[in-house]
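Take the sequence shown: its position 331, counted from the start at 1, is 381 in the numbering used here, and no numbers get skipped. Just so it is clear, CB atoms sit at the ideal spot from N, CA and C, and this is done for glycine as well. See below for the structure under consideration.
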Amino acid sequence: MEFETVIGLEVHAQLKTNTKIFCGCTTQFGNPPNTNTCPVCLGMPGVLPVLNKTVVEYAIKMAQATNCEINRRNQFARKNYFYPDLPKGYQISQFELPIAEHGHVDIEINGKNRRIGLTRIHMEEDAGKLVHDSIEGHSCVDLNRTGVPLIEIVSEPDLRSAEEATAYLRKVHAILRYLDICDGNMQEGSFRCDANISLRPVGQEEFGIRAEMKNMNSFKNVQRALEYEIRRQRDILLDGGEVVQETRLWDADRNVSLPMRGKEEAHDYRYFPDPDLVPVVIDDEWINEIKQTMPELPDERKARFITDFALPVDDAVIMTSSRELADYFEAVHKLFAQPKKIGNWIMTELMREMKGEEGINIQECPVTPENLAALLILIDKGAISGKIAKTVFSEMMETGKNPETIVKEKNLVQMSDEGDLLKIVQEILADNPGQVAQFKDGKTKVMGFFVGQLMKKTKGKANPKMANQLFGQELLK
Numbered sequence: 051m052e053f054e055t056v057i058g059l060e061v062h063a064q065l066k067t068n069t070k071i072f073c074g075c076t077t078q079f080g081n082p083p084n085t086n087t088c089p090v091c092l093g094m095p096g097v098l099p100v101l102n103k104t105v106v107e108y109a110i111k112m113a114q115a116t117n118c119e120i121n122r123r124n125q126f127a128r129k130n131y132f133y134p135d136l137p138k139g140y141q142i143s144q145f146e147l148p149i150a151e152h153g154h155v156d157i158e159i160n161g162k163n164r165r166i167g168l169t170r171i172h173m174e175e176d177a178g179k180l181v182h183d184s185i186e187g188h189s190c191v192d193l194n195r196t197g198v199p200l201i202e203i204v205s206e207p208d209l210r211s212a213e214e215a216t217a218y219l220r221k222v223h224a225i226l227r228y229l230d231i232c233d234g235n236m237q238e239g240s241f242r243c244d245a246n247i248s249l250r251p252v253g254q255e256e257f258g259i260r261a262e263m264k265n266m267n268s269f270k271n272v273q274r275a276l277e278y279e280i281r282r283q284r285d286i287l288l289d290g291g292e293v294v295q296e297t298r299l300w301d302a303d304r305n306v307s308l309p310m311r312g313k314e315e316a317h318d319y320r321y322f323p324d325p326d327l328v329p330v331v332i333d334d335e336w337i338n339e340i341k342q343t344m345p346e347l348p349d350e351r352k353a354r355f356i357t358d359f360a361l362p363v364d365d366a367v368i369m370t371s372s373r374e375l376a377d378y379f380e381a382v383h384k385l386f387a388q389p390k391k392i393g394n395w396i397m398t399e400l401m402r403e404m405k406g407e408e409g410i411n412i413q414e415c416p417v418t419p420e421n422l423a424a425l426l427i428l429i430d431k432g433a434i435s436g437k438i439a440k441t442v443f444s445e446m447m448e449t450g451k452n453p454e455t456i457v458k459e460k461n462l463v464q465m466s467d468e469g470d471l472l473k474i475v476q477e478i479l480a481d482n483p484g485q486v487a488q489f490k491d492g493k494t495k496v497m498g499f500f501v502g503q504l505m506k507k508t509k510g511k512a513n514p515k516m517a518n519q520l521f522g523q524e525l526l527k
């Protein structure tokens with residue numbers, strides 16, 4: 051029996067506000083446990099929440115960027131559940147009246163475009179964090195994260211593979227980063243995702259029984275977890291069993307998912323409007339004001355890079371995969387207006403040095419756009435060869451020095467004096483009569499041997515274009 055995979059993702063994005071959603075406590079990550087707290091976020095008796103206006107503005111930005119309908123009147127609700135890291139015993143979220151609904155995000159898979167629907171975007175507060183001590187055998191509660199503002203972005207069950215889900219997740223991540231409303235750090239928990247996965251026989255309209263996957267803290271782990279869960283459910287169904295509706299945790303060390311608890315439904319949370327918060331009313335003037343501050347988004351920037359810089363589509367996709375990388379590319383281009391060469395160097399040398407599990411973190415790159423442009427200018431002027439440039443670039447990555455300084459310090463200036471090179475060319479030809487005879491018999495590939503010998507003698511500093519010309523000139527005499 052063939053099965054179709056059905057996946058829906060719930061993305062939680064922590065917003066880059068200075069203070070929490072309903073109080074004035076800082077949202078700074080890494081402070082000592084339980085120091086970013088006050089009576090409001092600790093849920094003390096008699097306190098009242100006050101909504102942070104910036105949270106609403108950021109949510110509107112994400113709604114506009116994902117083609118959502120913005121509800122002019124939306125409302126906060128209490129979501130009741132009891133965890134040690136939820137001090138009030140309920141979470142302030144949105145239910146029946148979220149801030150935005152009915153949007154979409156476009157992704158590209160294997161050269162084909164797919165439109166993934168968004169059910170809703172809503173605002174809510176984060177819970178705290180349990181810190182487990184495996185040695186002492188107990189858990190501690192850190193409430194610094196309690197009340198940190200989140201938006202939850204809920205997709206329609208439109209995703210049909212782990213690959214599509216990862217592509218969608220990367221796209222949402224990029225949009226949030228372009229908007230500069232979330233830092234997207236998955237390791238610190240500021241960008242998290244839960245996945246609902248089910249399988250159904252091909253052709254069946256009714257959804258299968260779903261499981262929810264949690265604890266996925268990297269794009270790679272999301273893909274691995276989904277692939278594992280798809281295999282697990284398929285094996286159960288092929289054996290005639292029935293998938294249990296439950297929440298499962300992903301164990302990245304063992305590459306398995308483990309049952310956590312039964313999956314809750316909306317009625318389990320007993321939602322009701324929060325009596326301490328008035329409805330949020332958004333008028334057209336406010337929406338238009340926010341629209342004026344919207345930056346160029348990934349798809350728009352990709353299209354511009356293709357049109358203005360004549361970049362191939364694949365290159366443009368990579369160059370605009372993050373706002374910081376696109377900014378870096380454009381900063382180099384202002385100083386060295388050869389976009390294809392810039393793209394090639396970024397995608398080969400720079401990415402090889404900088405790429406980690408979650409992609410390139412250009413903010414930590416020791417090679418500034420100005421220094422990369424300077425290196426490319428040296429190559430273009432013929433001052434250094436492409437091979438030498440790679441050596442210089444490695445030194446730039448290690449030291450952060452500019453290329454001119456490295457070239458002078460290591461005496462790497464390219465040899466372009468015709469007279470000096472001609473003497474070495476003639477010596478090589480005299481020392482290798484067999485290869486000369488092969489060339490004259492029509493085996494022209496031996497030219498690579500001659501150039502290689504020249505590079506060896508000059509320690510890679512010979513001008514390769516001039517070298518080829520000189521060898522050709524001498525061999526045809």
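- Item | Beta-carbon proximity of Asn121 to Ile337, cut-off 9 Å | no
- Helix, strand or coil: how does DSSP classify Asp333 here? coil
- Task: Give a yes or no on whether the minimum CB-CB distance between Met51 and chain B is below 9 Å.
- Result: The structure shown contains no chain B; it is built from a single protein chain.
- Please go through the stretch 66-144 and give each complete alpha helix (DSSP H) segment of 4 or more residues, from N-terminal end onward. 103-115
- Would Gln295 pass as a contact of Ala245 if the rule is Cβ separation under 9 Å? no
- Task: Measure the CB-CB distance between Pro99 and Val90 and report whether it falls below 9 Å.
- Result: yes
- Query: Whose C-beta lies closer than 8 Å to the C-beta of Glu60 among residues of the same chain, with five residues either side of it excluded?
  - Reply: Glu202, Ile203, Val204, Ser205, Cys243, Asp244, Ala245, Asn246
- Task: Please name the residue, chosen from Met344, Lys390, Phe386, that lies closest to Ala360 on a Cα-to-Cα basis.
- Result: Lys390
- C-alpha gap between Gln114 and His188, whole angstroms: 45 Å
- Query: Where does the unbroken beta strand (DSSP E) through Met344 begin, and where does it stop?
  - Reply: That residue, Met344, is in no beta strand (DSSP E); it is neither H nor E in DSSP.
- Report, in whole angstroms, the separation of the C-beta atoms of Ile456 and Leu504, which I expect to be a contact under 8 Å. That pair is no contact at about 23 Å.
- Query: By Cβ distance below 8 Å, which residues in the same chain neighbour Pro251 in space, the five residues on each side in sequence not counted?
  - Reply: Met51, Glu52, Phe53, Glu54
- Cα-Cα separation between Ala217 and Ala512, rounded to whole angstroms: 45 Å
- Leaving out five residues before and five after Pro453 in sequence, what residues of the same chain have Cβ atoms less than 7 Å from its Cβ? Asn421, Ala424, Leu425, Leu428, Val442, Met446
- Return the Cβ separation of Leu287 and Leu249 in integer angstroms, given the expectation that the two are a contact with Cβ distance under 8 Å. 6 Å
- Message: Which same chain residues end up closer than 7 Å to Glu407 when comparing Cβ atoms and leaving out the 5 residues on each side of it in sequence?
- Response: A caution first: Glu407 carries a pLDDT of 47, below 50, which makes its placement in the model unreliable, though a value can still be read off. Excluding positions up to five away in sequence, the list reads Ser268, Lys270.
- Thr104 and Thr67 closer than 9 Å at C-beta: yes
- Message: Whole angstroms are fine: how far does the CA of His383 sit from the CA of Met310?
- Response: 51 Å
- Message: Need the endpoints of the beta strand (DSSP E) that Asp365 sits in, please.
- Response: Not the beta strand (DSSP E): Asp365 falls in the alpha helix (DSSP H), residues 363-369.
- Grab me the residues of Asn81's own chain with a C-beta within less than 8 Å of its C-beta, minus the 5 sequence neighbours each way, in chain order. Asn194
- Task: Specify the secondary structure class of Lys440 as computed by DSSP and reduced to three states.
- Result: helix
- Message: Rounded to the nearest angstrom, what separates Arg298 and Phe322 at their Cα positions?
- Response: 27 Å
- Item | Three-state secondary structure (DSSP) of Glu407 | With a pLDDT of only 47 at Glu407, under the threshold of 50, the placement of this residue in the model should not be trusted; the figure read from the coordinates follows. Here Glu407 sits in coil by DSSP.
- Message: Within 10 Å of its beta-carbon, does Pro348 have 16 or more other beta-carbons around it, so buried, or fewer, so exposed?
- Response: buried
- Message: Nearest by alpha-carbon distance to Leu276: which of Glu256, Asn394, Gly290, Ser307 is it?
- Response: Ser307
- Message: Taking the alpha-carbon of Gly450 as reference, which of Leu101, Pro416, His154 has the nearest alpha-carbon?
- Response: Pro416
- Query: In or out: Val496 buried (at least 16 other Cβ within 10 Å) or exposed?
  - Reply: buried
- Task: Could you tell me the distance, in whole angstroms, from the CA atom of Phe145 to the CA atom of Met397?
- Result: 44 Å
- In whole angstroms, what is the alpha-carbon distance linking His172 and Glu151? 9 Å
- Straight-line Cα distance separating Met404 from His62: 27 Å
- Three or more C-beta pairs closer than 8 Å, one from the stretch 219-237 and one from the stretch 368-378: is that the case here? yes
- Run through the stretch 205-257 for me and flag every whole beta strand (DSSP E) of 3 or more residues, listed as ranges in chain order. 241-251
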